[in-house]
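Protein sequences appear in the order of chains G and D.
The opening residue of the first sequence carries number 25 in the working numbering; numbering runs sequentially from there.
The opening residue of the second sequence carries number 101 in the working numbering; numbering runs sequentially from there.
From the three backbone atoms N, C-alpha and C, an ideal C-beta is built for every residue, glycine too.
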Amino acid sequence: MNIIFREIRAHYKGLIGWSAGMLFLVIAGMAKFSAIASGGQQAIQLFKTFPKPVLVIAGINGLDVGTAIGYFGVLYLYILLLATIHAAMIGAEIISKEERDRTSEFLYPKPISRSKIVTEKLIAAIINIIILNLITTVSSILAVSFYAKNFSNNNMILTLMIGLFIMQILFFALGSVLAGVFKNPKLPTVVATAILLVTYIIWVIVDLNSKLDFLKYVTPFKYFDASVIINDGHLDPLYIALSSVIIVIFITTTYIFFNRRDLKV
Amino acid sequence: MNIFWQELRFNRRTTIIWMVAFAFGIFSYMSLYTAFSHDVSQSMKLLQGFPPVVRAVLGIRIESFFTVLGFFGYMLTYLWLIGSIQAMNLGTGILSKEISGKTADFLLSKPISRFKVLTSKLAAALVIIIATNIVFVTASYFSAEVFKTKDFDVTVFALTCLTMLFIQLFFLSLGFLISVLVPKIKSVLAYSLPIVFGFFIIGMLDSVIGAENARYLTPFKYFDVGYIALHSAYEWRFLLTEALVVIVCVVVTYIIFTRRDIQAPV
């Protein structure tokens with residue numbers, strides 16, 4: 025339990041920063057909606073005729089930005105990016121930081137098994153992730169209902185937020201598996217964020233070019249695509265299953281590799 | 101000069117990865133233009149039916165909106181974002197790595213003034229950024245030439261591409277400043293990513309504090325592709341704002357770094 029508390033204390037400042045950024049994103053984003061909804065009907069009509077690449081790049085492909093939930097779907101992509109970057113970084117950092125800060129020789133000789141240390145660290149990271157997700161959920165519901173009068177589709181926001189949570193855990197698991205495998209303690213964070221940005225770009229490219237549709241399994245951003253979720257009204261069970269399998273594999277691999285590794289001192 | 105070369109050597113691999121990523125990304129994006137230019141005729145017709153006032157409000161100019169330049173412009177914001185991360189990583193890392201890598205006492209006890217250490221490092225960072233931009237401009241120009249359907253204005257194109265350099269310089273100098281303000285940077289990305297994304301999100305504030313005021317707050321709004329296409333020039337007030345930020349950051353970095361008490365690792 026000590027490690028959990030220790031890690032939460034070590035990360036609370038960062039978490040406050042990320043939460044502030046998230047609050048800011050949600051509020052500033054929704055504030056824009058009231059401007060669009062009040063005067064931009066003509067613009068929205070025009071958007072509908074735009075060729076697909078423009079819509080994809082603007083992040084509004086398949087979303088009706090004239091409605092509150094459609095507009096929130098656009099914002100959702102930015103929320104996803106922010107939250108997954110946080111998750112990937114914390115997953116990679118929490119495991120690798122002892123070696124980076126040269127404190128591994130202090131921590132790992134303690135009479136606790138390595139598995140237990142990793143477990144406690146992962147729990148601490150997941151607590152951070154849950155807090156960020158809750159802050160996002162609450163602020164989204166409040167901001168949407170504040171800026172869009174008569175909005176009652178809170179269930180849809182909750183569904184999107186469950187998608188967000190799965191994405192967070194997925195990238196957190198990616199960060200942790202990289203930290204478990206790589207010997208250089210600085211690489212995991214860099215590689216995890218690079219993979220994140222690349223999968224994001226793949227998501228854009230898949231939408232741009234339908235011939236590349238088979239790539240949709242490669243990028244998690246496709247698993248929880250706001251336009252699909254909003255049109256279907258629910259998350260795709262296939263992708264939930266796929267994410268769960270990936271998460272389990274990543275976390276298991278983290279334990280296997282980290283337990284066998286010759287730690288740097 | 102040794103420090104300068106050492107920094108170039110140290111950053112060589114990372115820089116090449118960035119360059120390849122840029123060139124590959126730009127080329128594969130621009131390759132979609134051919135298909136795109138076929139799809140646009142309907143939108144063109146509809147746009148022409150709009151009253152000019154509405155078009156002005158939407159910031160759409162028929163002449164440039166569907167050209168190869170306009171198409172490049174949609175992508176530019178994202179390229180800026182990526183380029184900013186590179187510049188910010190470089191700026192934040194180049195000084196702080198001596199402290200986090202516990203080599204500061206080794207470097208600073210050499211018979212070179214701190215002023216010179218800093219200057220060599222800044223020069224190396226500048227060279228890396230300029231080299232990246234050369235690759236960036238070449239790749240963009242090459243892709244635009246290959247996939248264009250009509251000739252485009254080379255001056256406008258050059259100005260559009262060069263915005264990358266200005267944005268990178270902004271984040272490079274900000275990175276320098278951060279690296280002397282924060283006592284010990286354990287992970288460069290932990291600073292660079294939130295700061296770059298923070299500035300990106302600030303751009304959304306325009307609806308709250310007014311579009312024009314908000315533009316001063318973030319380099320991502322200093323350069324307006326539409327304005328460049330129309331006037332073949334940048335907006336001076338934002339260029340000045342940028343210059344001011346860069347100069348202040350660099351000067352403060354010099355002042356702090358030359359006086360700072362840097363402790364030898366235990």
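Limits of the unbroken alpha helix (DSSP H) element including residue i
| i | result |
| --- | --- |
| Asn283/G | Pro261 to Arg284 |
| Gln186/D | Val168 to Ser200 |
| Arg138/G | Arg138 to Tyr171 |
| Gly83/G | That residue, Gly83/G, is in no alpha helix (DSSP H); it is neither H nor E in DSSP. |
| His258/G | Here His258/G belongs to no alpha helix (DSSP H), and DSSP marks it neither H nor E. |
| Val120/D | Asn102 to Met130 |
| Arg359/D | Trp336 to Arg359 |
| Gly97/G | Ala92 to Arg124 |
| Asn233/G | From DSSP, Asn233/G is part of no alpha helix (DSSP H); its letter is neither H nor E. |
| Phe247/D | Arg214 to Phe247 |
| Ser273/D | Val254 to Leu281 |
| Asn178/G | Asn178 to Val205 |
| Ser128/G | Ser128 to Leu131 |
| Val242/G | That residue, Val242/G, is in no alpha helix (DSSP H); it is neither H nor E in DSSP. |
| Ala329/D | Val325 to His331 |
| Leu207/D | Ala204 to Leu208 |
| Val296/D | Val288 to Ile302 |
Cβ-Cβ separation, residue j to residue i (assumed contact under 8 Å), whole Å
| i | j | result |
| --- | --- | --- |
| Leu195/D | Phe276/D | 7 Å |
| Asn255/G | Gly86/G | 7 Å |
| Pro319/D | Glu342/D | 6 Å |
| Ala329/D | Val256/D | 5 Å |
| Leu47/G | Tyr100/G | So it is not a contact: roughly 15 Å between Cβ atoms. |
| Ile186/G | Leu259/G | 7 Å |
| Val325/D | Thr260/D | 6 Å |
Where residue i meets chain G, residues with beta-carbon distance less than 8 Å
| i | result |
| --- | --- |
| Lys286/D | Lys121, Arg124 and Asp125 |
| Ala290/D | Gly38, Met113, Glu117 and Thr213 |
| Gly125/D | Ile225 |
Cα-Cα separation, residue i to residue j
| i | j | result |
| --- | --- | --- |
| Phe172/D | Ile27/G | 50 Å |
| Tyr263/G | Val272/G | 14 Å |
| Ile230/D | Lys321/D | 21 Å |
| Arg112/D | Gly125/D | 20 Å |
| Leu289/D | Val214/G | 7 Å |
| Thr358/D | Val348/D | 16 Å |
| Ala364/D | Lys202/D | 8 Å |
| Met25/G | Lys145/G | 10 Å |
| Phe297/D | Phe270/D | 14 Å |
| Thr238/D | Val120/D | 12 Å |
| Gly193/D | Ser137/G | 35 Å |
| Ile229/G | Gln268/D | 25 Å |
| Asp88/G | Ile165/G | 19 Å |
| Ser76/D | Asp361/D | Nothing can be reported for residue 76/D, as the shown portion of chain D is limited to 101 through 366. |
| Ile270/G | Tyr279/G | 15 Å |
| Gly183/D | Lys221/D | 19 Å |
| Ser58/G | Ala314/D | 18 Å |
| Asp286/G | Ser128/G | 11 Å |
| Ile185/D | Phe248/G | 26 Å |
| Tyr178/D | Ile285/D | 27 Å |
| Ala250/G | Pro261/G | 15 Å |
| Trp118/D | Asn233/D | 11 Å |
| Glu31/G | Ala333/D | 51 Å |
| Phe122/D | Phe236/D | 6 Å |
| Phe170/G | Ala52/G | 12 Å |
| Asn174/G | Val168/G | 10 Å |
Under 9 Å by beta carbon: chain D residues contacting residue i
| i | result |
| --- | --- |
| Gly45/G | Pro294, Phe297, Gly298 and Ile301 |
Interface residues of chain G facing residue i [CB-CB closer than 7 Å]
| i | result |
| --- | --- |
| Leu190/D | Those do not exist, as Leu190/D stays about 13 Å from chain G at its closest Cβ, beyond 7 Å. |
| Gly183/D | Those do not exist, as Gly183/D stays about 12 Å from chain G at its closest Cβ, beyond 7 Å. |
Chain-ordered chain D contacts of residue i [CB-CB under 8 Å]
| i | result |
| --- | --- |
| Gly41/G | Pro294 |
| Ala265/G | Ordered by position in chain D, no residue passes the 8 Å Cβ test against Ala265/G, which lies about 31 Å from the chain. |
| Ala92/G | Chain D residues near Ala92/G: none, gap ~15 Å exceeds 8 Å. |
| Ala3/G | Outside the shown range of chain G, which is 25 to 289, sits residue 3/G, and nothing can be said about it. |
Partner residues on chain D for residue i, Cβ-Cβ distance less than 7 Å
| i | result |
| --- | --- |
| Thr217/G | Leu289 and Leu293 |
| Phe48/G | Ile301 |
| Ala197/G | Under the 7 Å cutoff, chain D gives no residues; its nearest Cβ is about 19 Å from Ala197/G. |
Closer than 8 Å is the cut-off here; do at least three beta carbon pairs connect the region 239-250 of chain G with the region 190-203 of chain G?
Touching, yes, given that three or more Cβ pairs across the two stretches are closer than 8 Å.
Flag this pair as touching only if the region 183-200 of chain D and the region 276-295 of chain D have three or more C-beta atom pairs under 8 Å; answer yes or no.
Contact between the region 183-200 of chain D and the region 276-295 of chain D is present, because at least three Cβ pairs lie under 8 Å.
Contact the region 111-119 of chain G vs the region 264-278 of chain D: 3+ CB pairs below 8 Å
No: the two stretches stay apart, fewer than three of their Cβ pairs being nearer than 8 Å.
The region 151-165 of chain G in contact with the region 226-240 of chain G per 3-pair CB rule at 8 Å:
The answer is no - the region 226-240 of chain G does not touch the region 151-165 of chain G, with fewer than three Cβ pairs under 8 Å.
Against chain A, which members of the region 97-112 of chain G pass a CB distance test of less than 8 Å?
The question asks about chain A, but that chain is absent: this structure's protein chains are G and D.
Decide if the region 196-213 of chain G is in contact with the region 115-125 of chain G; the criterion is three or more beta carbon pairs, one per stretch, under 8 Å apart.
A contact exists between the region 196-213 of chain G and the region 115-125 of chain G.
Take every Cβ of the region 243-256 of chain D, pair it with every Cβ of the region 131-139 of chain D, and state whether three or more of those distances are shorter than 8 Å.
Yes: the two stretches touch, three or more of their Cβ pairs being nearer than 8 Å.
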